[in-house]
Amino acid sequence: MLSLLRTGLRTRQRIGSRGLGTAVQGFTAAVGNTPLIYLQTLSEQTGCKIFGKAEFQNPGGSIKDRAAVGVVRDAEEKGRIRPGGTVVEGTAGNTGIGLAHVCRSRGYKCVIFMPDTQSQEKIDLLRMLGAEVHPVPAVPFENPRNYNHQAREYAAKLDNAIWTDQFDNTANAYAHYVSTGPEIWEQTQGEIDGFICSTGTGGTLAGAGKYLKEKSGGKTQVWLADPPGSVLYTYVSSGGKLVERTGSSITEGIGQGRVTDNLATTINDLNGALMISDEKSIAMLYQLLDTEGLYLGASSALNVVAAVELAQKLGKGSRVVTVLCDGAYRYQSRVFSKKWLQSKGLYEAIPESYKKYVVLE
Ligand SMILES: Cc1ncc(COP(=O)(O)O)c(C=O)c1O
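In numbering that gives the first Met the number 0, the protein residues as written are 0 to 360.
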């Protein structure tokens with residue numbers, strides 16, 4: 000793990016000595032060190048300081064680039080993969096994109112298993128990035144044919160191959176512990192009262208949250224934000240009750256039916272959780288575009304709603320940070336379509352003055 004600190008996410012590997020100025024060494028070293036954006040309008044409206052970490056600026060376009068670099072470098076350091084090997088993962092979204100980039104830049108083959116309910120756009124993008132994609136029947140995690148289990152079994156049969164296991168491989172959270180957390184601490188100069196974000200694998204919240212809590216001596220509160228259809232809000236607010244998963248959300252990449260190993264490293268140290276409705280998330284997606292000029296996906300919008308609510312709980316003048324996970328580009332055919340919004344019962348949740356942005360049929 001130590002060399003991750005030197006050459007991976009935490010400190011960019013500069014190649015200035017080779018006459019290339021302050022350039023960084025390849026894709027993996029270009030991940031991280033994203034700007035922290037002060038969200039002016041929301042801060043003024045609340046009398047607090049609300050910040051968003053611009054993870055959409057990572058070279059693969061999302062926060063999952065950090066996890067992708069983290070799990071691959073961890074496997075390299077443990078000798079679990081050698082040059083020319085194969086990286087296998089079960090993912091329907093940003094992790095696959097991050098891994099596909101990392102694999103091309105480090106000379107590995109990338110194989111992605113995903114439920115066959117996913118859009119052709121997603122499959123095509125992964126293939127364009129050089130990944131081999133296996134769409135498999137969409138069955139629950141408990142079923143052995145679930146895409147995650149198929150990915151694990153596929154890797155186990157190959158020589159020089161790893162299953163990166165993003166949900167339960169804590170190298171994911173560690174990547175955020177050594178990069179996202181310290182960056183936020185430095186960018187706020189330690190003046191941070193709250194950190195809140197939603198979770199998919201839980202890597203971001205566990206890694207960055209743990210770092211901020213430790214570094215502040217417990218002063219920074221760490222909260223989980225959850226969409227409808229996820230069990231974690233109830234789990235945290237009830238002190239550990241795991242309920243059946245019911246309901247759904249338009250957000251992608253977040254929400255869970257279980258406590259992953261990544262999340263387990265932090266869940267008992269959380270200060271609380273907030274449940275954010277899709278109505279609030281979609282309205283914020285448009286508000287961020289209109290007032291801050293930010294074109295973001297629904298998980299980022301949910302995170303910002305949660306940051307505003309946490310800041311209001313912590314009181315006037317409080318400083319709260321969240322993450323802006325990815326841009327709206329991967330979802331625009333839905334979230335900017337009137338028909339789609341109406342089909343989800345969300346068109347009326349968008350304030351009249353923002354409806355001009357709903358430009359697709
Ligand atoms: C768009 C988006 N937001 C948030 C997350 C959650 O991040 P994490 O897996 O670190 O909990 C993901 C994860 O895939 C994602 O794709």
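No residue lacks a Cβ here, since even glycine has one placed at the ideal position from N, Cα and C.
Would you decide whether residue i is buried or exposed? Buried here means 16 or more other CB atoms lie within 10 Å of its CB.
i	result
Arg81	exposed
Thr321	buried
Leu293	buried
Glu351	exposed
Gln39	exposed
Leu125	buried
Lys212	buried
Ala155	exposed
Arg144	exposed
Gly216	exposed
Leu361	Examination of residue 361 is not possible in this model, given that the chain is present from 0 through 360 alone.
Met127	exposed
Gln220	buried
Leu241	exposed
Taking the beta strand (DSSP E) that residue i belongs to, which residues open and close that run?
i	result
Ile111	108-114
Arg193	What sits at residue 193 in the sequence shown is Gly, not Arg. That run of the beta strand (DSSP E) goes 193-197.
Thr321	318-323
Val132	131-135
Leu35	35-37
Do residue i and ligand 1 come close, with the Cβ less than 8 angstroms from some heavy atom?
i	result
Leu204	yes
Asn93	yes
Gln165	yes
Glu88	no
Asn171	yes
Ala29	no
Thr33	no
Thr321	no
Thr200	yes
Ala66	yes
Ile183	no
His175	yes
Cys324	yes
Ser42	no
Gly252	yes
Ile281	no
Ser61	yes
Helix, strand or coil for residue i, going by three-state DSSP, please let me know.
i	result
Glu141	coil
Gln331	helix
Val303	helix
Ala29	coil
Ala224	strand
Leu19	coil
Leu128	coil
Specify, as a first and last residue, the run of the alpha helix (DSSP H) that residue i falls within.
i	result
Ala155	146-156
Next item on the list: Report the residue ranges of all alpha helix (DSSP H) runs contained in full by the stretch 226-299; include only those spanning at least 4 residues, in chain order.
Entry: Those alpha helix (DSSP H) runs which fall completely within the stretch 226-299 and span 4+ residues are 231-236, 260-263, 277-286.
Item checked: Minimum length 4: unbroken alpha helix (DSSP H) runs contained in the stretch 169-213 -> Taking only runs of at least 4 residues, the alpha helix (DSSP H) segments lying wholly in the stretch 169-213 are 170-177, 179-186.
Check: Where in the stretch 44-126 do unbroken runs of the beta strand (DSSP E), each at least 3 residues long, occur, reported from the N-terminal end onward?
Finding: As far as the stretch 44-126 is concerned, its whole beta strand (DSSP E) runs of at least 3 residues are 48-53, 85-89, 108-114.
Checklist line | Continuous alpha helix (DSSP H) assignments of at least 4 residues falling wholly in the stretch 332-360 | finding: List check, alpha helix (DSSP H) in window: 337-342.
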